[in-house]
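Working notes, structure below.
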Amino acid sequence: MKSLQNVSVRARVITGSVAVAVAGAVTFGAVAASAAPAPAAAPAPAAKGLVQVDRLSVDAAAKAAQAALAAARKDGQKVSVAVVDRDGNTVVTLRGDGAGPQSYESAARKAFTAVSWNAPTSELVKRLQQTPNLKDIPGTLFLPGGAPVQDKGAPVAGIGVAGAPSGDLDEKYAKAGVAGLAD
6 MKSLQNVSVR
16 ARVITGSVAV
26 AVAGAVTFGA
36 VAASAAPAPA
46 AAPAPAAKGL
56 VQVDRLSVDA
66 AAKAAQAALA
76 AARKDGQKVS
86 VAVVDRDGNT
96 VVTLRGDGAG
106 PQSYESAARK
116 AFTAVSWNAP
126 TSELVKRLQQ
136 TPNLKDIPGT
146 LFLPGGAPVQ
156 DKGAPVAGIG
166 VAGAPSGDLD
176 EKYAKAGVAG
186 LAD
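Below, the structure is given as structure tokens:
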């Protein structure tokens with residue numbers, strides 16, 4: 006065994022450092038283990054001026070989209086279905102087998118238009134006769150095929166369908182999606 010005089014200064018410093026670190030860790034662990042848990046923070050006061058908005062859940066949006074797509078399939082139609090939230094953000098989009106490439110975006114725009122005005126897009130097409138500038142609003146599509154989803158008369162979502170040979174059929178399927186939420 007080497008005597009302490011034969012061990013280098015560097016080795017003695019490292020050994021001492023390790024010993025201090027171990028002693029510190031043991032002491033800190035003992036203190037931390039015996040410390041009382043921190044008291045629960047008091048709840049923050051509610052911010053003023055907040056507004057609560059009802060929205061469809063993702064599950065409800067998917068259910069509505071599936072109901073619209075099923076109604077179209079039953080009639081042999083190949084469509085896309087989009088469900089948007091109250092703010093017009095897409096929640097669910099389903100592109101049915103064989104649906105045209107343009108139907109995906111058209112369905113989303115019809116849904117956005119329906120929720121924005123809280124009206125079926127077939128009714129909004131009629132409003133274009135008095136106010137043709139409406140069609141210039143970004144993200145909208147004033148063609149039949151969009152239906153709002155309402156709660157107590159207020160819009161909470163929009164369903165848009167595109168791809169059937171007529172807008173009336175698209176809107177029929179969008180309304181089937183709305184009706185699917187009642188099941």
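What the sequence shown shows, in our numbering, is residues 6 to 188, in sequence order. Built from N, CA and C at the ideal position, the CB exists for glycine as well.
Test item: CB-CB of residue i and residue j under 8 Å
| i | j | result |
| --- | --- | --- |
| Pro-153 | Asn-123 | yes |
| Leu-186 | Lys-68 | yes |
| Ala-73 | Ala-179 | yes |
Assumed close pair residue i, residue j - CB separation to whole angstroms, cut-off 8 Å
| i | j | result |
| --- | --- | --- |
| Arg-91 | Val-161 | 5 Å |
| Val-166 | Val-97 | No, Val-166 and Val-97 are not in contact; Cβ-Cβ is about 12 Å, not under 8 Å. |
| Gly-151 | Gly-168 | In fact, because the Cβ distance is near 13 Å, the residues do not count as touching under 8 Å. |
| Ala-77 | Gly-101 | 7 Å |
| Leu-139 | Leu-133 | 6 Å |
Distance between residue j and residue i (C-alpha atoms, nearest Å)
| i | j | result |
| --- | --- | --- |
| Gly-93 | Ser-62 | 14 Å |
| Ala-46 | Pro-125 | 48 Å |
| Asp-156 | Val-58 | 11 Å |
| Gly-103 | Lys-115 | 20 Å |
| Asp-173 | Val-130 | 12 Å |
| Leu-190 | Arg-60 | As displayed, the chain neither begins before 6 nor continues past 188, which places residue 190 out of reach and without an answer. |
| Pro-143 | Phe-117 | 10 Å |
| Ala-70 | Glu-176 | 13 Å |
| Pro-50 | Ala-113 | 39 Å |
| Val-120 | Val-89 | 8 Å |
| Asp-141 | Gln-107 | 19 Å |
| Val-56 | Pro-137 | 33 Å |
| Leu-99 | Asp-188 | 20 Å |
Start-to-end residues for the beta strand (DSSP E) that takes in residue i
| i | result |
| --- | --- |
| Ser-102 | The residue asked about is misnamed: residue 102 is Asp in this sequence, not Ser. Element bounds for Asp-102: n/a, residue is neither H nor E. |
| Gln-155 | 151 to 156 |
| Pro-160 | 159 to 167 |
| Ala-87 | 85 to 90 |
Range covered by the alpha helix (DSSP H) that runs through residue i
| i | result |
| --- | --- |
| Ala-72 | 63 to 79 |
| Val-183 | 172 to 185 |
Complete runs of the alpha helix (DSSP H) confined to the segment 121 to 146 [at least 4 residues] = Fully contained in the segment 121 to 146 are the following alpha helix (DSSP H) runs of length 4 or more, in chain order: 126 to 132.
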